[in-house]
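Here the sequence shown is numbered in UniProt numbering, starting from 1 and rising by one per residue. Cβ atoms here follow ideal geometry from the backbone N, Cα and C, with glycine treated the same way. Structure, as structure tokens:
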Amino acid sequence: MPMWQIYHPESVFSESDKQELAGKITAIYESFLPRFYVNVFFHSIPKDGLFIGGEVANDFVRVTIDHIARSIDDPEMQQQFLVGCSRVLEPYVAGRGYRWELHVDDTPFDLWMINGLKPPHPGTPAELKWRSENRPSTY
1 MPMWQIYHPE SVFSESDKQE LAGKITAIYE SFLPRFYVNV FFHSIPKDGL
51 FIGGEVANDF VRVTIDHIAR SIDDPEMQQQ FLVGCSRVLE PYVAGRGYRW
101 ELHVDDTPFD LWMINGLKPP HPGTPAELKW RSENRPSTY
């Protein structure tokens with residue numbers, strides 16, 4: 001699953017911004033993953049609750065992305081992915097005057113479960129079923 005965690009000052013995102021951004025993030029993956037694999041968490045940080053280099057940073061948004069369902073091994077594809085993420089995020093952060101940073105971690109596929117089930121391997125009939133039903137099921 002891609003799990004996006006977005007740490008931000010309290011006033012950065014409205015409720016509609018969050019809904020819109022979560023939809024755009026999901027769209028990055030929907031051509032090759034079940035939609036329900038995509039998790040987006042917004043973590044509101046109170047004023048003076050974030051520090052960079054020992055200094056208060058009330059103008060900073062931090063995005064961490066955990067990839068489990070797929071890994072991006074090709075350096076060119078990695079850069080394309082980061083550019084795509086930037087395209088989605090920039091209007092909400094840099095476009096509003098916020099500094100921002102993101103990174104991507106890869107977690108081994110074998111160390112992942114959903115509702116107690118091991119997710120099916122990519123491209124298998126079971127994964128196609130999960131995509132079409134947009135939910136986990138036994139296989």
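### Message
Which same chain residues end up closer than 6 Å to Met3 when comparing Cβ atoms and leaving out the 5 residues on each side of it in sequence?
### Response
As a working mapping, residue 3 is identified with position 3 in the sequence shown. Once the five neighbours on either side are set aside, the close Cβ partners of Met3 are Asn39 and Asp66.
#### Entry: Thr64, enclosing alpha helix (DSSP H) - first and last residue
As a working mapping, residue 64 is identified with position 64 in the sequence shown. Segment Phe60 to His67 is the beta strand (DSSP E) holding Thr64; no alpha helix (DSSP H) there.
### Identity of the residue in Pro34, Glu15 and Gly23 nearest Arg135 by Cα
Start at 1 with the first residue of the sequence shown, and residue 135 comes out as number 135. When each option's Cα is compared against that of Arg135, the closest is Pro34.
### Message
So, under 8 Å CB-CB, Ile28 and Val88 are touching, yes? Tell me the CB distance rounded to an integer number of Å.
### Response
Counting from one through the sequence shown, the residue named residue 28 turns up at place 28. Counting from one through the sequence shown, the residue named residue 88 turns up at place 88. About 7 Å separates the two Cβ atoms, so the contact holds.
### Segments assigned alpha helix (DSSP H), at least 4 residues, entirely inside the UniProt domain "Tautomerase cis-CaaD-like" (1 to 135)
15 to 29, 75 to 89 and 125 to 133
### Message
I'd like to check one pair, His103 with Thr64: are the Cβ atoms closer than 8 Å?
### Response
Stepping through the sequence shown from its first residue, residue 64 is reached at position 64. Stepping through the sequence shown from its first residue, residue 103 is reached at position 103. Contact: yes.
### Query
Contact between the stretch 55 to 64 and the stretch 3 to 15: three or more CB pairs below 8 Å?
yes
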